[in-house]
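A short write-up of the structure that comes next.
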Amino acid sequence: MNPGMKLLLVVLTALEISFTQSLIVNVILIAISFVYVMVKRMNFKTLFLLIFWPLFPALGLFVSQWLYGSDGIHFAWVLFTRIYAYVFLGATFTLTSSITDLALTLEQDFRLPSKFAYGVLAAFNLMPKIREEVQIIKTSALMRGEVFHVWSPKLYFKAILSSIQWSQNLAEAMTSHGFVEDEPRTHYRVIRITVLDWAMFAFLIIAVQVMLFFIRY
Amino acid sequence: MTDVSISDFTYQYPKSETKVLNDLNLTFKHNHFSLLSGPSGSGKSTLLYFIAGLYPRFIGNDATGTIKFGDTNIKDIPRNHVSNHVAMMFQNPNQQFAMDTVIHELTFVLENIQTQPDQMDKIIDHALTFCGIEKLRDRIINTLSGGEKQRVALSCIVAMDAPVIVLDEPFASIDPDSRIDLIHKLKELQEKHGKTIILADHDLGNYQGVIDEFYYLDPQTHHIDLLNQAESQHFFDNFESTQTIDKQLALPPKNDKNSVIELRHFKLAPHDSLLLQLDHFNFYRQKTTLITGANGIGKSTLFNALTKLLPYAGIISYDGKNIKKIKPLNYAKNVTLLFQDAENQFLNVTVKEELDLSFSNRFNQDYTHEQVEQMLTQLGMQGRDEQVVYSLSEGQKKKLQIVEMLIMNPPVLLLDEPFKGLDYKSLRLMTDFLELAKTKYGQTQIIISHQLSGLEDLIDYHAHFENQNLTYQEVI
Chain S
55 MNPGMKLLLV VLTALEISFT QSLIVNVILI AISFVYVMVK RMNFKTLFLL IFWPLFPALG
115 LFVSQWLYGS DGIHFAWVLF TRIYAYVFLG ATFTLTSSIT DLALTLEQDF RLPSKFAYGV
175 LAAFNLMPKI REEVQIIKTS ALMRGEVFHV WSPKLYFKAI LSSIQWSQNL AEAMTSHGFV
235 EDEPRTHYRV IRITVLDWAM FAFLIIAVQV MLFFIRY
Chain P
-16 MTDVSISDFT YQYPKSETKV LNDLNLTFKH NHFSLLSGPS GSGKSTLLYF IAGLYPRFIG
44 NDATGTIKFG DTNIKDIPRN HVSNHVAMMF QNPNQQFAMD TVIHELTFVL ENIQTQPDQM
104 DKIIDHALTF CGIEKLRDRI INTLSGGEKQ RVALSCIVAM DAPVIVLDEP FASIDPDSRI
164 DLIHKLKELQ EKHGKTIILA DHDLGNYQGV IDEFYYLDPQ THHIDLLNQA ESQHFFDNFE
224 STQTIDKQLA LPPKNDKNSV IELRHFKLAP HDSLLLQLDH FNFYRQKTTL ITGANGIGKS
284 TLFNALTKLL PYAGIISYDG KNIKKIKPLN YAKNVTLLFQ DAENQFLNVT VKEELDLSFS
344 NRFNQDYTHE QVEQMLTQLG MQGRDEQVVY SLSEGQKKKL QIVEMLIMNP PVLLLDEPFK
404 GLDYKSLRLM TDFLELAKTK YGQTQIIISH QLSGLEDLID YHAHFENQNL TYQEVI
């Protein structure tokens, strides 16, 4: 499915389950997403992490609603499954779509200004460098007798200084590679939203509405 | 014809009184290979950014005067046509790509200049073949070495096919083989494809016999002069002579008795390319060891391993203890790095805050406040307490950085190009301060430096980095 359509579908569905309270629909969504990512060959380590990390907030919500909330155990389960529904819906997108394809379709089909599409893409590709930079900042602080934790404001001050510098360099580099915002570009790989994409999108979004309408428990 | 002619061109940075480029009148000739040299920080990059059309857009203020490509004033070229006239290659290989893989970047470039999609494969194949990097086609750019990244940058320029190519210190962080190879590729672009090449470099190695014209940016007058045959020869000879200072040194003892940092079965291979392999190597206590070697060969990377910033194989031990078993803060107090980029060292905003931080966190009380005040006065850094460190000049940043790390007074100080951008007088003061730290406080110093003259009295041992090996030498 077209990555842009897929993202839209995931966001819409997640929004809808935020405002409805159907335990069964949550479970169905989790199950379908789970099957989808498994078919797309996710490795077991990622799967484990996907189940493990949300456990804390999900359990926290469950326990507080169950013990202290006024809406009873059913709502506690809804909250619990809702967290996992978000995570697995998100996974159907992040684990199976390429960020490059998303940028291409957002630019070509969704008419997003190209500077946003490519700016975000460039920033995304800088991620490993940012991680290295944070390591350098922390080490350099140690050498001056300061320990920086994730909550140290100075760490962010230094990191923001570096990112301002980088964003400038990146803008210069993109310009020197011929990129001019709001100017027409040609496209080597044309990504179109096909009839099949539309059909899938419509079918799935209607399916979610129907489920939410009929399955109220 | 695309002569690049610059007339009555003057530029000064915002809030600065000096004109870094003062009333320039010169022409970089069509289909010539022009080298622009001059000390770092003298304004070479600034001029190139203006020629490439990046300035004034990416800087606060404009210059006066004109830059023309042939008969066309650069200001009259619409923004989306600048790339038809000029392409640029930057110094930092890490910050010139927007996309993830080589092929995506090349496609991105061609899409920007509105190449027809059915032409792209042919152009990309040609660009990759020309640069000898067909194999890198589908590689992720972040996983490439500096030399490979600069080749990819060149392939983008080849694909863009602009008549003028400007390069800003493009070889500053790449290995010697890549440097020679890329210089010859540029020559080929000039001779066989009619390109005009304008390249800024303060390192004059490998250019003799390749370049057609030699321009020099004088840091005093801020003028650029075209040198004649004799003058350029003088500069090349002068550069050769600074590569060595002919000083005889002792070799370190053969035993491990006075060693402070020991490397055993050590192997450094980031991105799977082997940089350094040492079975048995020592750095010695209370000595100043100079490390020399070509750019991009792995000297700074070695420092990154010594400070635990990069993974390595084998064992590094400090004072007989494996550094992996020493707690990070404790290790950082003992083995400290003076970063090549001074800004990396700063944690606060003003000069006073920076100095106070060093005084309050220092690991011993060896330096008195009076002593530090005197050092600052000698360096001409007095009375700058309230100045924001990021607004200091590069030379002042370097001075402040060295002083604050001297105050910390760690047992082992690693210094990565500590004298870059310092004038000779400041350099001699710094070597005196370092000498004092060594003899009086027992500091061990390991220095990476291309600048050799002025260091004669400080250096005890010299280790040369070559062929993935580090060996002690009897001469500098």
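Going line by line, the protein sequences match chains S and P.
Using the numbering used here, read the first sequence as starting at 55 and increasing by one per residue.
Using the numbering used here, read the second sequence as starting at -16 and increasing by one per residue.
Beta carbons are placed, not taken as given, at the ideal position from N, Cα and C, and that holds for glycine.
Just so it is clear, the structure is predicted and the values come from calculations on it, not from any experiment.
My output table needs one value for K2(P): the three-state DSSP class, helix, strand or coil. coil
Distance cutoff 8 angstroms, beta carbons only. Does T74(S) sit that close to anything in chain P? no
Please look up how many angstroms separate the CB atoms of E387(P) and S341(P), rounded, as I've assumed it's under 8 angstroms. 4 angstroms
Tell me the DSSP secondary structure of V318(P) in three-state form. strand
Ignoring anything shorter than 4 residues or poking outside the segment 162 to 228 of chain S, list the alpha helix (DSSP H) runs there in chain order. 168 to 179 and 181 to 197
Would T427(P) pass as a contact of R247(P) if the rule is Cβ separation under 8 angstroms? no
Nearest CA to the CA of L397(P): which residue from F73(P), T179(P) and N317(P)? N317(P)
For V141(P), which residues of its own chain have a beta-carbon under 8 angstroms away from its beta-carbon, when the five flanking residues on both sides are left out? H109, A110, F113, C114 and L172
Going by DSSP, what residue range makes up the beta strand (DSSP E) through L150(P)? V147 to D151
Does the beta carbon of E161(S) sit closer than 8 angstroms to a beta carbon anywhere in chain P? Interface with chain P (8 angstroms Cβ-Cβ cutoff): E161(S) is excluded.
E337(P) vs V372(P) beta-carbon contact at 8 angstroms: Against a cut-off of 8 angstroms, the Cβ pair of V372(P) and E337(P) comes out as a contact.
If you reduce the DSSP assignment to three classes, tell me which class N75(P) lands in. coil
Contact criterion: CB-CB distance below 8 angstroms. Does T284(P) meet it with respect to chain S? no
Pull the bridge partners of R247(P) from the DSSP assignment, please. H263(P) and I298(P)
With 8 angstroms set as the bound, which would you pick, yes or no: does the beta-carbon of I180(P) sit closer than that to a beta-carbon of chain S? no
Buried or exposed: D121(P), going by 16 or more other Cβ atoms within 10 Å of its Cβ? Note on D121(P): under 16 other CB atoms within 10 angstroms of its CB, so exposed under the neighbour-count rule.
Could you tell me if R239(S) is buried or exposed, where buried requires 16 or more neighbouring beta carbons within 10 angstroms of its beta carbon? Looking at its Cβ environment, which holds 16 or more other Cβ atoms inside 10 Å, R239(S) is buried.
Evaluate the contact criterion for the segment 271 to 280 of chain P versus the segment 291 to 303 of chain P: three or more CB pairs, one atom per stretch, below 8 angstroms. no
So L362(P) and K382(P) are in contact, right, with Cβ under 8 angstroms, and what is the actual spacing, rounded? Between L362(P) and K382(P), the beta carbon gap of about 5 angstroms places them in contact (Cβ cut-off 8 angstroms).
For a cutoff of 8 angstroms on Cβ pairs, would you count K316(P) as touching chain S? It does: the Cβ of K316(P) has a partner Cβ on chain S nearer than 8 angstroms.
So N452(P) is in the beta strand (DSSP E); what residue range does that whole segment cover? Where N452(P) is concerned, the enclosing beta strand (DSSP E) stretches over N452 to Q456.
Given that F164(S) touches chain P, what residues does it touch there, using C-beta distances under 7 angstroms? Correct list: empty, because the minimum Cβ distance to chain P is about 17 angstroms.
Residues that D121(P) contacts on chain S, provided the C-beta gap is smaller than 7 angstroms: Here the premise fails: no neighbours, minimum Cβ distance about 13 angstroms.
Cα-Cα separation, I166(P) to L127(P): Near 20 angstroms, if we compare the C-alpha coordinates of L127(P) and I166(P).
If you drop the 5 nearest sequence neighbours on each side, which residues of the same chain put their C-beta closer than 8 angstroms to that of L180(S)? Excluding positions up to five away in sequence, the list reads W220 and L224.
Within 10 angstroms of the Cβ of A256(S), are there 16 or more other Cβ atoms? Answer buried if so, exposed if not. exposed
Does V334(P) have its Cβ less than 8 angstroms from a Cβ in chain S? no
Are the CB atoms of A46(P) and M71(P) nearer to each other than 8 angstroms? no
Sort Q97(P), V458(P), V147(P) and N392(P) by Cα distance to M197(S) and report the nearest one. N392(P)
Rounded to whole angstroms, what's the CA-CA distance from L232(P) to I430(P)? Just pull it up for me. 16 angstroms
Taking 8 angstroms as the cut-off, decide whether the C-beta atoms of K60(S) and S206(S) are in contact. no
CB contact flag (I228(P), L18(P), <8 angstroms): no
Cβ of Y138(S) within 8 angstroms of any chain P Cβ: For Y138(S), the closest Cβ of chain P is not nearer than 8 angstroms.
Below 8 angstroms on the Cβ atoms is my contact criterion, and I expect Q384(P) with L321(P) to pass it. Report the Cβ-Cβ distance as a whole number of Å. 7 angstroms
Close Cβ partners of H352(P) (< 8 angstroms) along its chain, the five nearest in sequence each way excluded: F342
At the 8 angstroms Cβ level, is L292(P) part of the contact set with chain S, yes or no? yes
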